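Beneath this line is the structure, given in structure tokens, with notes to follow.
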Amino acid sequence: MDISLSPEVEAFRAEVRAWVRDNLPRDIWEKVDRGIELTRDDNVRWMRILSEKGWVATNWDKADGGPGFTTEQKYVFEEELFLAGAPRIIHYGTRMVGPVLLAFGTEDQKRRYLPKILSSEEIWCQGYSEPGSGSDLASLQMKAVRDGDHYVVSGTKIWTTQAHCADRMFALVRTSTEPKKQDGITCLLIDLKAPGVTVRPIITLDGRHIFNQEFFDDVRVPVADRVGEEGQGWRVAKYLLGHERSNGSFVSIGKRLLAKLKAIAAAERRDGARLIDDPAFRRKVAESEQELGVLEFTSWRTLASASADRPVGPEASVLKTRTADTLKQINELMMEAGAYYAQPFEPSAIRGGWNGEPVGPDYLFRMAPEYFESRARSIAGGSNEVQKSILAKAVLGL
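All you need for this note's numbering is the position in the sequence shown, starting with 1, plus 25.
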């Protein structure tokens, strides 16, 4: 596979690099660099800056309202963003809801929701997991009972990323009890400000507020906000998960982490010499760099088919599992590089506003939270074990 870039794409890279340098707010860059949690205002401010440029939905074709980037431009854009220290946007609207509405939505749904996704006026989250229904998503129990022109929704969702920042949720609900569990699932678009919705925070081990649990107490959702026909939610979910797992941005984030790892290893000492000069450690770093190179090729392939209105194949599962493992490996090496100084951390420092003295160098003080988060990537978006089962069935025919 030839991934050499044309002069036109390299010129585009230079344009993106200069634009990010001039438009990424310094306070947001500092938070990302220091590992401090972004607020809703931080996220929305950066997303609206991208929206004004027309660069927030990079996977959308021009006919759908996106920038119409080529495969090469998509990759270069994300790489330059993350190497420059920009945060990941809350991508559920652009990378998940938008593609689903373009493929399955009514004209009214597209007219009402797509413009607000493109302008970052509305933030979305994903309502899939429930207590007891994570990797076995088909066992979900949150009910939606038809009542005239509405569904009455009751139940709970959990581990919902950024729900506390979101205006709306696309959710899978159970509308009937069928012998085959998948046949009774429907996809609804839910207003999180509707009466009966309660969002409660889940603070993780690293001190961050990323996840939430939502409770729905007889929440009325218009039938007009159903995506597809009743009982077609599983089909919608499979389409959507392909777009979630094809997200190649983590490869670029891995490159940024690898550069930070090399800088740490150059600064730290082992037995009086630079850690980066230790042959055993250098070999581990080189193995991570090689793995990132392999992932880069896989990312190119998935990007080629990941436009907003096209399905993504099983290669997305390969990218998802290997990226999770590689990022975890890089974060483990950071912990190894920092040794004892990388282990202690103050959770309140992650939330901002903390002015205490760190134990050891400041860049090591935040290694532990990053390490904890990296271990969760093998579960989020469908556990690695589930992805391997998908590959065994879809690719190997087992």
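Even for Gly, the Cβ is constructed at its ideal location relative to N, Cα and C.
What you are looking at is a predicted structure, and each value in this text was computed from that prediction instead of being measured.
N- and C-terminal bounds of the alpha helix (DSSP H) containing residue i
i	result
residue 413	409-419
residue 96	96-108
residue 52	51-59
residue 141	132-143
residue 178	Where residue 178 is concerned, there is no enclosing alpha helix (DSSP H), although the beta strand (DSSP E) it sits in stretches over 175-183.
residue 38	32-48
residue 127	123-129
residue 374	372-375
Cβ-based burial, residue i [other Cβ within 10 Å; buried from 16]
i	result
residue 315	exposed
residue 394	buried
residue 432	This structure does not reach residue 432, given that the chain is present from 26 up to 423, and the question cannot be answered.
residue 415	buried
residue 324	buried
residue 43	exposed
residue 85	buried
residue 396	buried
residue 365	exposed
residue 380	exposed
residue 374	buried
residue 308	exposed
residue 270	Unreliable placement is indicated for residue 270, whose pLDDT of 48 sits below 50; no coordinate value is reported for it.
residue 133	exposed
residue 288	exposed
residue 425	The first residue shown for the chain is 26 and the last is 423, placing residue 425 beyond what the model contains.
residue 55	exposed
residue 254	exposed
residue 98	buried
residue 424	Limits of the chain in this structure are 26 at one end and 423 at the other, which puts residue 424 out of reach.
residue 363	buried
residue 119	buried
residue 88	exposed
residue 387	exposed
residue 155	buried
Residue interval of the beta strand (DSSP E) (run including residue i)
i	result
residue 74	Counting along the chain, residue 74 falls outside any beta strand (DSSP E), though it belongs to the alpha helix (DSSP H) covering 65-78.
residue 235	234-247
residue 172	168-172
residue 113	Neither: residue 113 is in no beta strand (DSSP E) and is coded neither H nor E.
residue 225	222-228
residue 397	From DSSP, residue 397 is part of no beta strand (DSSP E) but of the alpha helix (DSSP H) over 392-401.
residue 193	193-199
residue 211	210-216
residue 150	149-152
CB-CB length for residue i against residue j, believed under 8 Å
i	j	result
residue 168	residue 199	5 Å
residue 317	residue 286	Between residue 286 and residue 317 the Cβ distance is about 11 Å, and since that is not below 8 Å, they are no contact.
residue 191	residue 165	Actually they do not touch by this definition, with Cβ atoms about 19 Å apart.
residue 280	residue 108	6 Å
residue 248	residue 261	That pair is no contact at about 16 Å.
residue 196	residue 210	Rounded, the Cβ-Cβ distance is 10 Å, inconsistent with contact.
residue 181	residue 237	Their Cβ separation, rounded to whole angstroms, is 11 Å, which puts residue 181 and residue 237 out of contact at 8 Å.
residue 75	residue 81	4 Å
residue 353	residue 399	5 Å
residue 239	residue 188	6 Å
residue 413	residue 348	Between residue 348 and residue 413 the Cβ distance is about 14 Å, and since that is not below 8 Å, they are no contact.
Candidates the options, of which the one nearest residue i by Cα
i	options	result
residue 175	212, 162, 245	245
residue 310	276, 277, 170, 359	359
residue 159	422, 409, 421	409
residue 172	243, 308, 129, 203	243
residue 170	348, 142, 212, 32	212
residue 162	278, 147, 404	404
residue 220	178, 138, 355	178
residue 355	77, 402, 150	402
residue 140	183, 201, 77, 155	77
residue 53	142, 111, 83	111
residue 233	57, 202, 67, 376	376
residue 153	37, 263, 421	263
residue 147	257, 65, 45, 203	65
residue 201	382, 156, 36, 258	258
residue 204	256, 423, 250	256
residue 96	321, 235, 392	321
residue 505	382, 343, 361	Shown here, the chain extends from 26 to 423; a query on residue 505 therefore has no answer.
Any non-hydrogen atom of the ligand PLP closer than 8 Å to residue i Cβ
i	result
residue 141	No copy of the ligand PLP occurs in the structure displayed, which carries no ligand at all.
Does the structure place the region 295-304 close enough to the region 369-388 that three or more beta carbon pairs sit under 8 Å? no
Inter-stretch contact at 8 Å, needing at least 3 Cβ pairs: the region 99-108 / the region 222-235: no
Cβ contact (3+ pairs, closer than 8 Å) linking the region 56-68 and the region 123-137: no
Does the pairing of the region 85-97 with the region 111-118 give three or more beta-carbon distances under 8 Å? Between the region 85-97 and the region 111-118 there are fewer than three C-beta pairs closer than 8 Å, too few to call the two in contact.
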